[in-house]
Ligand SMILES: [Zn+2]
């Protein structure tokens, strides 16, 4: 039990760096998480959060949050079935996503101005989200006019695909693979975990609970910039890959679309860095566990949709030229 709790604390609070070896006690782990919170609080003070009312608010939020760390903040990850520390409600996932989605769109070139393309991507995304472990979020799937070969998820159901990625994909099943992987991150609440680990749980808590945005370095623009660069743990990526593979297959897509996509990105990476891999682990062992899962769980996939023609008609023929952003 203690080990489970400690693993959950590690996962949610991002305190692996403090925990040098596995024989440290649970109390030490909590002590470091407390230290982490306090140090963030004072860093905030020295690096520009001197405004008194904001300081008070920050301190209050931190104190309010602590009991949740220890006693209340548990949620079941619907994909793994494991209990994880989670301070935020699902409604707060939605609020965070809603708050940061417009700024993320702005920072990554804005929406591609083609409704046929947007509707198509939205319909593929919804088909997959409907069979996921959490179909209850209001999902949004948006294509952005940005050259990076990348995809993003925000908490609460927001998925973004950059034009650079859409240009490289060849089939609807490959599009489904990227969308399913991002949906799995949202369902598992990896984005909320990564945000609280890498940006600071107090900043996220403040962002989730306040209508206004704090002044200083924690503007929506700055936080969005950090969100764009968030990376997930290898364990989270593997879970998202495997759950994503299930989702796309349950939605009727040929799961080899995911293998093809990773292989294609791996080939591209030989000539240039691929943004998608800068926030995701390297492809080698992903191909291994994905292929193995398909062979054991989905040996009969020939009737499932690949959708080369549809992808060509609705996406490739509607993409703006590469120099239009
Ligand atoms: Zn991922």
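Residue numbers (the numbering used here): 1 to 325.
All C-beta atoms in this analysis are idealised placements derived from N, C-alpha and C, irrespective of residue type, glycine included.
Values in this document were obtained by computation on a predicted structure and should not be read as measured data.
Closer than 6 Å: residue i CB and nearest ligand 1 heavy atom
| i | result |
| --- | --- |
| residue 240 | yes |
| residue 140 | no |
| residue 235 | no |
| residue 133 | no |
| residue 280 | yes |
Residue i, buried or exposed, once every other Cβ within 10 Å from all chains shown has been counted against 16
| i | result |
| --- | --- |
| residue 35 | Bear in mind that the predicted position of residue 35 carries a pLDDT of just 47, short of 50, making it unreliable; the figure below should be weighed with that in mind. Residue 35 is exposed by the Cβ-count criterion. |
| residue 221 | exposed |
| residue 167 | exposed |
| residue 110 | exposed |
| residue 296 | exposed |
| residue 189 | buried |
| residue 285 | exposed |
| residue 234 | exposed |
| residue 257 | buried |
| residue 193 | buried |
| residue 232 | buried |
| residue 76 | exposed |
| residue 237 | buried |
| residue 145 | buried |
| residue 23 | For residue 23, the pLDDT reaches just 35, beneath the cut-off of 50, and the residue's location in the model is therefore unreliable, although a value from the coordinates is still provided. Counting Cβ neighbours within 10 Å, residue 23 comes out exposed, since fewer than 16 surround it. |
| residue 155 | buried |
| residue 283 | buried |
Distance, residue j Cα to residue i Cα
| i | j | result |
| --- | --- | --- |
| residue 350 | residue 134 | Within the shown structure, residues of the chain are numbered from 1 to 325, placing residue 350 beyond reach of any answer. |
| residue 252 | residue 199 | 37 Å |
| residue 121 | residue 153 | 15 Å |
| residue 180 | residue 219 | 30 Å |
| residue 312 | residue 171 | 7 Å |
| residue 319 | residue 197 | 36 Å |
| residue 92 | residue 203 | 13 Å |
| residue 115 | residue 142 | 10 Å |
| residue 223 | residue 107 | 11 Å |
| residue 131 | residue 250 | 7 Å |
| residue 259 | residue 147 | 23 Å |
| residue 136 | residue 316 | 30 Å |
| residue 262 | residue 157 | 23 Å |
| residue 321 | residue 303 | 34 Å |
| residue 291 | residue 266 | 15 Å |
| residue 187 | residue 128 | 12 Å |
| residue 288 | residue 243 | 15 Å |
| residue 352 | residue 277 | This structure cannot speak to residue 352, because the chain is shown only from 1 to 325. |
| residue 119 | residue 125 | 10 Å |
| residue 271 | residue 160 | 25 Å |
| residue 274 | residue 228 | 14 Å |
| residue 310 | residue 139 | 22 Å |
| residue 301 | residue 293 | 12 Å |
| residue 85 | residue 176 | 30 Å |
| residue 104 | residue 201 | 20 Å |
| residue 39 | residue 264 | Summary for residue 39: the model assigns pLDDT 43, below 50, so the residue's position carries little reliability; its value from the coordinates is reported in the next sentence. Cα to Cα, residue 39 sits roughly 43 Å from residue 264. |
| residue 299 | residue 205 | 45 Å |
| residue 96 | residue 87 | 13 Å |
| residue 94 | residue 191 | 12 Å |
| residue 255 | residue 268 | 21 Å |
| residue 123 | residue 74 | 33 Å |
| residue 82 | residue 314 | 39 Å |
| residue 308 | residue 78 | 32 Å |
Nearest-angstrom Cβ-Cβ length linking residue i and residue j, presumed shorter than 8 Å
| i | j | result |
| --- | --- | --- |
| residue 183 | residue 247 | 6 Å |
| residue 173 | residue 306 | 5 Å |
| residue 240 | residue 185 | 5 Å |
| residue 149 | residue 164 | 4 Å |
Boundaries of the alpha helix (DSSP H) in which residue i is found, first to last residue
| i | result |
| --- | --- |
| residue 124 | 115-129 |
| residue 220 | 220-228 |
| residue 161 | That residue, residue 161, is in no alpha helix (DSSP H); its beta strand (DSSP E) goes 158-162. |
| residue 185 | 172-188 |
| residue 272 | Neither: residue 272 is in no alpha helix (DSSP H) and is coded neither H nor E. |
| residue 99 | 90-107 |
Endpoints, beta strand (DSSP E) assigned at residue i
| i | result |
| --- | --- |
| residue 154 | 151-154 |
| residue 84 | 83-85 |
| residue 142 | 140-144 |
| residue 251 | First-last for residue 251: undefined, no H or E at that position. |
| residue 75 | 74-76 |
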